[in-house]
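Numbering (this note's numbering), first residue to last: 493 to 729.
Below is one structure; the comments refer to it alone.
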């Protein structure tokens, strides 16, 4: 199972939000690069970067950090505010290996407009109240998560980042039923799980289900999960 430690950047700092609420944030580091070096030293090879400023404003704000992180990690995933083709191209040109995007993927002409980048885009399927959340989780659309997954599969995406918004930042454990359902209807799609992961047992439960990867944030920063042990076990699995 691939482990993607999350570095969520807001106001130049590494923070975690509670259920995506910008008014409920907790700071875990004043310097994203210092946090990145700590994670690399613990054994992380890849990193999942969320530009929260970008997600809130609708345009990438912290995009310059990509090149700096590429000097630390083998693989950098970047998302937040990538709502135009030009934004996606810029992020990839800056050095991102893959980008995560949500809003632009659901536009009517997305399949044609994004075709050239498709292999490097990971659609973000953010589930809130059983429906799909967009624009930094600030609005939802009347589309069930199952319908959304099937649509993404039909568009040809091989990997999808699935986040349970209600669990994100809560350490309540992953939404196992959500991942079981999505794995059942689209077994050929690699799912990266995010939201609520709080222990090694949670990670193992997802791995036992055949989940491709996991994004972990708060639990790595508050001591709930020992980063070094996590990355060692993932590497040896």
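All C-beta atoms in this analysis are idealised placements derived from N, C-alpha and C, irrespective of residue type, glycine included.
Taking Cβ positions, are residue 573 and residue 587 nearer each other than 7 Å? no
How do the stretch 689-698 and the stretch 657-670 stand: do at least 3 beta-carbon pairs fall below 8 Å, yes or no? Short answer: they touch.
Does the structure place the stretch 606-615 close enough to the stretch 578-586 that three or more beta carbon pairs sit under 8 Å? yes
Who does residue 590 pair with in a DSSP beta bridge? 569
Identify the continuous beta strand (DSSP E) that holds residue 705 and give its terminal residues. Run containing residue 705: 705-708, per the beta strand (DSSP E) assignment.
On a Cα-Cα basis, can you pick out the residue from 597, 592, 584 that is closest to residue 707? 592
Helix, strand or coil: how does DSSP classify residue 644 here? helix
Under three-state DSSP, which class holds residue 537? Three-state DSSP puts residue 537 in coil, outside helix and strand.
Is there contact here, the stretch 494-504 with the stretch 704-724, by at least three beta-carbon pairs under 8 Å? yes
Taking residue 585 as part of the beta strand (DSSP E), name the residues at either end of that continuous run. It is not in any beta strand (DSSP E) - residue 585 instead sits in the alpha helix (DSSP H) that spans 577-585.
Check whether residue 684 and residue 704 have beta carbons under 7 Å apart: yes
Looking only at its own chain, which residues have a Cβ that is under 6 Å from the Cβ of residue 719, when we skip the five neighbours before and after it? 534, 712
Pull up the distance between the alpha-carbon of residue 521 and that of residue 673, whole angstroms please. 36 Å
Just to confirm my understanding: we take residue 604, look at its own chain, exclude 5 residues before and 5 after, and list those with CB closer than 8 Å. What are they? none
Opposing strand residues paired with residue 494 [DSSP bridges]: According to DSSP, which records beta bridges pairwise, residue 494 is partnered with 705.
Suppose you measure from the CA of residue 638 to the CA of residue 680; what does that come to, to the nearest Å? In a straight line, the C-alpha of residue 638 is about 14 Å away from that of residue 680.
Whose CA, out of 575, 559, 576, lies closest to the CA of residue 569? 559
Given residue 600 as reference, the closest of 659, 565, 566, 644 once Cα atoms are compared: 644
Identified DSSP bridge partners for residue 543: 501
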